[in-house]
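Below is one structure, written out as structure tokens; comments come after it.
Protein chains: 2
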Amino acid sequence: MSNIREVAKRAGVSIATVSRAFTNPDKVSQSSLKKVMDAVDEVGYRPNMMARNFRSTKSYAVVVLVPDFANLFFSKVIRAIQETGQKHGYNILLGETRDSKEREADYLKLVETRQADGVIQLSPHIPEQELLPHPHISAVAACGACDTPYASVRMDHIAASFSIVNYLISMGHRKIGCISGLSDNPHSRDRLKGYKQALAKAGIDFDDSLLYEGNFTMQSGHDAGVYFAQLSQRPTAVFSMNDLMAVGAIKSFKEHNIRVPQDISITGFDDLDFATYTDPALTTIRQPAEEMGKKAMLLLLQILDGKPPTQQEFILKHEFVLRDSVVQFSG
Amino acid sequence: MSNIREVAKRAGVSIATVSRAFTNPDKVSQSSLKKVMDAVDEVGYRPNMMARNFRSTKSYAVVVLVPDFANLFFSKVIRAIQETGQKHGYNILLGETRDSKEREADYLKLVETRQADGVIQLSPHIPEQELLPHPHISAVAACGACDTPYASVRMDHIAASFSIVNYLISMGHRKIGCISGLSDNPHSRDRLKGYKQALAKAGIDFDDSLLYEGNFTMQSGHDAGVYFAQLSQRPTAVFSMNDLMAVGAIKSFKEHNIRVPQDISITGFDDLDFATYTDPALTTIRQPAEEMGKKAMLLLLQILDGKPPTQQEFILKHEFVLRDSVVQFSG
Numbered sequence: 001m002s003n004i005r006e007v008a009k010r011a012g013v014s015i016a017t018v019s020r021a022f023t024n025p026d027k028v029s030q031s032s033l034k035k036v037m038d039a040v041d042e043v044g045y046r047p048n049m050m051a052r053n054f055r056s057t058k059s060y061a062v063v064v065l066v067p068d069f070a071n072l073f074f075s076k077v078i079r080a081i082q083e084t085g086q087k088h089g090y091n092i093l094l095g096e097t098r099d100s101k102e103r104e105a106d107y108l109k110l111v112e113t114r115q116a117d118g119v120i121q122l123s124p125h126i127p128e129q130e131l132l133p134h135p136h137i138s139a140v141a142a143c144g145a146c147d148t149p150y151a152s153v154r155m156d157h158i159a160a161s162f163s164i165v166n167y168l169i170s171m172g173h174r175k176i177g178c179i180s181g182l183s184d185n186p187h188s189r190d191r192l193k194g195y196k197q198a199l200a201k202a203g204i205d206f207d208d209s210l211l212y213e214g215n216f217t218m219q220s221g222h223d224a225g226v227y228f229a230q231l232s233q234r235p236t237a238v239f240s241m242n243d244l245m246a247v248g249a250i251k252s253f254k255e256h257n258i259r260v261p262q263d264i265s266i267t268g269f270d271d272l273d274f275a276t277y278t279d280p281a282l283t284t285i286r287q288p289a290e291e292m293g294k295k296a297m298l299l300l301l302q303i304l305d306g307k308p309p310t311q312q313e314f315i316l317k318h319e320f321v322l323r324d325s326v327v328q329f330s331g
Numbered sequence: 001m002s003n004i005r006e007v008a009k010r011a012g013v014s015i016a017t018v019s020r021a022f023t024n025p026d027k028v029s030q031s032s033l034k035k036v037m038d039a040v041d042e043v044g045y046r047p048n049m050m051a052r053n054f055r056s057t058k059s060y061a062v063v064v065l066v067p068d069f070a071n072l073f074f075s076k077v078i079r080a081i082q083e084t085g086q087k088h089g090y091n092i093l094l095g096e097t098r099d100s101k102e103r104e105a106d107y108l109k110l111v112e113t114r115q116a117d118g119v120i121q122l123s124p125h126i127p128e129q130e131l132l133p134h135p136h137i138s139a140v141a142a143c144g145a146c147d148t149p150y151a152s153v154r155m156d157h158i159a160a161s162f163s164i165v166n167y168l169i170s171m172g173h174r175k176i177g178c179i180s181g182l183s184d185n186p187h188s189r190d191r192l193k194g195y196k197q198a199l200a201k202a203g204i205d206f207d208d209s210l211l212y213e214g215n216f217t218m219q220s221g222h223d224a225g226v227y228f229a230q231l232s233q234r235p236t237a238v239f240s241m242n243d244l245m246a247v248g249a250i251k252s253f254k255e256h257n258i259r260v261p262q263d264i265s266i267t268g269f270d271d272l273d274f275a276t277y278t279d280p281a282l283t284t285i286r287q288p289a290e291e292m293g294k295k296a297m298l299l300l301l302q303i304l305d306g307k308p309p310t311q312q313e314f315i316l317k318h319e320f321v322l323r324d325s326v327v328q329f330s331g
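Chains as they are written, first to last, in full-length UniProt numbering: chain A, 1 to 331; chain B, 1 to 331.
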């Protein structure tokens, strides 16, 4: 690999000038700067970025904490974070946490030890187990729930759940099952609030036997489907707290010869790409995944730039997506 | 943040000893090492890893080039790479390339500028557009095709495709459609070879009108389904080169009132988690995703450690997964 000496020689300037051209270009004349950059191209010189980073005390990397790589919802958010980061010269270090606080702590050490400049947390904040906020770590939450105690970009899960359960009620359903995520997950809590609020508004009593606790995987949705299929008083519709569990539930309804949506309606949450490919296509809530990822990265860049956010929470709009998985109840 | 001076004071040893404990622990006595480590815990000292990395000229990061974050097959491979890397003190820098050679070049610069030590390439090698192998970059290919000119961990796509098409033939099908990926993708080429070999072995002429070129997305599988549905002489079975396209094709067959598998059989490739949740569940080829990710990372660590691989190619076993998407043809 060529070195700074060759660049200086080729450019006809001093080594100090070449060095300054990289570290402090404002102090180099335009003509010298051009000579240096041309020479860099000609000799194929690559400055040692790690040395640059070391001097600047910035690593130009951001850690993204992801609960589950196999959840396509996060893939969309990560893609948006990465594209936005790349435009601003930042790389993404990705860490899968799988709900382990030990793993999270390991990844946060990357910031403490200056291998990354900040963190974007995709897991919702759980107060009892908090690692963030941390006085020495710049962090932004994306895809979180309410009550996140640091800068947060999210949607309103209560309102979204309310609207979709309200839609089921408007279609004549009164016996509405719910497949939740783990009960201590803040998203589960928010979405359950929305479900209960919609029932209350319609004067429907909350029935504990219609609530099944899953964990956001297809397998747990399948288990929920088995549970509902075997109830003596089956619900006529099911509100699933994500698309993946809805897919699992649909599969098990079919295995029990329960037709979807003719015998049971179902709704999802997220609007993953395959929500149009399920049979029937899923009526669901579209989370603004790309927008949340982009906004979270921009917010973190702003914080790293020393400018505190103007507001603690940025709430982006979700969308109600009507497809084929719900029919009017005519019992 | 506490510093090395406090650690030395607390441990009752010299600053040089503390430094050596981090950089060259073999040269520190067991009793001093214990004192230092206890003091580190007590004062909450975090060494500046970037400074350590700078001195050691290693960054302890590996770049993984991923064609598409939204493809769940890669999620599985990445998870295995990350877990293996973490066990060996390496972080993963993830770059989505989306088939752009410019993006790949950007990520390779991370190695050239020493922000990462090596690369794991998840895109198959395309000779005409090669960026790798590169004399200054340690790289391993995972999930590649044959003829990769650097260390490669893969499965045998020709043999796998042969076996699944051969199975369709054994079930009485002779008019077998094929949904391929982009024709210049090496996986498409390998899998097409397997398809053609199975036809040839059974004495079936290759029919160009039964080959539809997709791009490995659900949408392109849906388009392929429309194409086959409208053929005057429809195939009785379809070999799809991945599960995602099979999902799309099933959707469009149903839209055309073509029953799967009664009217048309279909097979996938990959065995994604949802292959058991499609309707019908997919008969497919299971790629050894986790094993490929793990082996690729171990191989790269070995290369970074200065030990050249003992062989150029490591071919891991695939598995034939029998489910419900194929029936005997009784035309």
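Heads up, the beta-carbon is just placed ideally off N, CA and C, and yes, glycines get one too.
Source: prediction; values computed, not measured.
Margin query: Three Cβ pairs or more, each shorter than 8 angstroms: is that satisfied between the stretch 137 to 149 of chain A and the stretch 110 to 123 of chain A?
Written below: yes
Notebook entry, point to check: Y212 (chain B) bridges to which residues according to DSSP?
Noted result: DSSP, once it has assigned bridges, lists B:I179 as partnering Y212 (chain B).
Item checked: Nonlocal neighbours in the same chain, by C-beta distance under 7 angstroms from A105 (chain B), ignoring five residues either side -> These residues qualify, in order along the chain: L131.
Margin query: Classify S31 (chain B): buried if its beta carbon has 16 or more other beta carbons within 10 angstroms, exposed otherwise.
Written below: exposed
Next item on the list: Determine the direct distance from the alpha carbon of T217 (chain B) to that of S29 (chain B), and round the result to whole angstroms.
Entry: Approximately 58 angstroms between the Cα atoms of the pair.
Item checked: alpha helix (DSSP H) runs contained entirely in the stretch 233 to 290 of chain B, provided each spans 4 or more residues -> 243 to 255
Note to self: Strictly under 8 angstroms for the Cβ-Cβ distance: is V7 (chain A) near chain B by that measure?
What the structure shows: no
Note to self: Nearest by alpha-carbon distance to N242 (chain B): which of B:A139, B:P261, B:R191 is it?
What the structure shows: Here the closest residue by C-alpha is B:R191.
Checklist line | R154 (chain B), enclosing alpha helix (DSSP H) - first and last residue | finding: Run containing R154 (chain B): none in the alpha helix (DSSP H); it sits in the beta strand (DSSP E), 152 to 155.
Check: Is G85 (chain B) helix, strand or coil by DSSP?
Finding: In the three-state scheme derived from DSSP, where H, G and I count as helix and E and B as strand, G85 (chain B) is classed as helix.
Item checked: In chain order, each beta strand (DSSP E) run of at least 3 residues that lies wholly inside the stretch 123 to 153 of chain A -> 138 to 142
Checklist line | Under 8 angstroms between C-beta atoms of P261 (chain A) and D324 (chain A) | finding: yes
Next item on the list: From the DSSP output, in three-state form, read off V326 (chain B) for me.
Entry: In the three-state reduction of the DSSP assignment, V326 (chain B) falls in the coil class, being assigned neither a helical nor a strand state.
Checklist line | chain B contacts from the stretch 227 to 256 of chain A (Cβ-Cβ distance under 7 angstroms) | finding: V247, G248, K251, K254
Notebook entry, point to check: Is the Cβ-Cβ distance between G225 (chain B) and S188 (chain B) less than 8 angstroms?
Noted result: no
Item checked: Contacts of residue 391 (chain B) in chain A (Cβ-Cβ under 7 angstroms) -> Any question about residue 391 (chain B) goes unanswered here, given that chain B covers just 1 to 331.
Check: Helix, strand or coil: which one does DSSP assign to N18 (chain A)?
Finding: In the sequence as presented, Asn is not what sits at residue 18 (chain A); that position holds Val. Residue state, collapsed to three classes: helix.
Margin query: The alpha helix (DSSP H) that contains A11 (chain A), what's its start and end?
Written below: A11 (chain A) -> alpha helix (DSSP H) spans 4 to 11.
Margin query: Applying the 10 Å Cβ sphere with the 16-neighbour rule, what's the burial state of A249 (chain A)?
Written below: buried
Notebook entry, point to check: Apart from the five residues just before and just after H88 (chain A), which ones in its own chain have a Cβ nearer than 6 angstroms to its Cβ?
Noted result: L301
Next item on the list: Taking C-beta pairs closer than 8 angstroms, name the residues in chain B that R79 (chain A) reaches, listed in chain order.
Entry: The contacting residues are F69, A70, E96.
Notebook entry, point to check: With Y90 (chain A) and V62 (chain A) assumed to form a contact (beta carbons below 8 angstroms), what rounded beta-carbon distance in angstroms separates them?
Noted result: 5 angstroms
Check: Within 7 angstroms: the Cβ of H318 (chain A) and any heavy atom of the ligand MG?
Finding: In the structure shown, the ligand MG is absent, as is every other ligand, since no ligand is present at all.
Next item on the list: State yes or no: is the beta carbon of K37 (chain B) nearer than 8 angstroms to at least one beta carbon in chain A?
Entry: The sequence shown places Met at residue 37 (chain B), rather than the Lys named in the question. No, M37 (chain B) lies away from the interface with chain A (no Cβ there is under 8 angstroms from its Cβ).
Notebook entry, point to check: Are the Cβ atoms of A202 (chain A) and I169 (chain A) separated by less than 8 angstroms?
Noted result: yes
Notebook entry, point to check: Comparing the C-beta of D279 (chain B) with each C-beta of chain A, is any distance below 8 angstroms?
Noted result: yes
Note to self: Classify A16 (chain A): buried if its beta carbon has 16 or more other beta carbons within 10 angstroms, exposed otherwise.
What the structure shows: exposed
Check: Name the chain A residues whose beta carbon is nearer than 9 angstroms to that of F269 (chain B)?
Finding: Residues of chain A passing the Cβ test: none, with the nearest at roughly 17 angstroms.
Note to self: Within the continuous alpha helix (DSSP H) that includes V63 (chain A), where are the two ends?
What the structure shows: That residue, V63 (chain A), is in no alpha helix (DSSP H); its beta strand (DSSP E) goes 61 to 66.
Next item on the list: Measure how close the beta-carbons of F329 (chain A) and H173 (chain A) come, nearest whole angstrom, since I'm counting them as under 8 angstroms.
Entry: 5 angstroms
Item checked: For E291 (chain B) and L316 (chain B), believed in contact at Cβ under 8 angstroms, the rounded distance -> 5 angstroms
Checklist line | Contact set between the stretch 210 to 221 of chain B and chain A, restricted to residues whose Cβ is under 7 angstroms from the partner | finding: M218
Check: Since D273 (chain B) meets chain A, which of its residues come closer than 8 angstroms, beta carbon to beta carbon?
Finding: Result: A70, M218.
Notebook entry, point to check: M1 (chain B) by DSSP, collapsed to three states: which one?
Noted result: In this prediction, M1 (chain B) has a pLDDT of 45, which is less than 50 and means its spatial position is unreliable; what the coordinates show is noted afterwards. Three-state DSSP puts M1 (chain B) in coil, outside helix and strand.
Next item on the list: Report yes or no: is there a C-beta of chain B within less than 8 angstroms of the C-beta of K294 (chain A)?
Entry: no
Next item on the list: Following the continuous beta strand (DSSP E) through G118 (chain B), name the residue where it begins and the one where it ends.
Entry: 118 to 121
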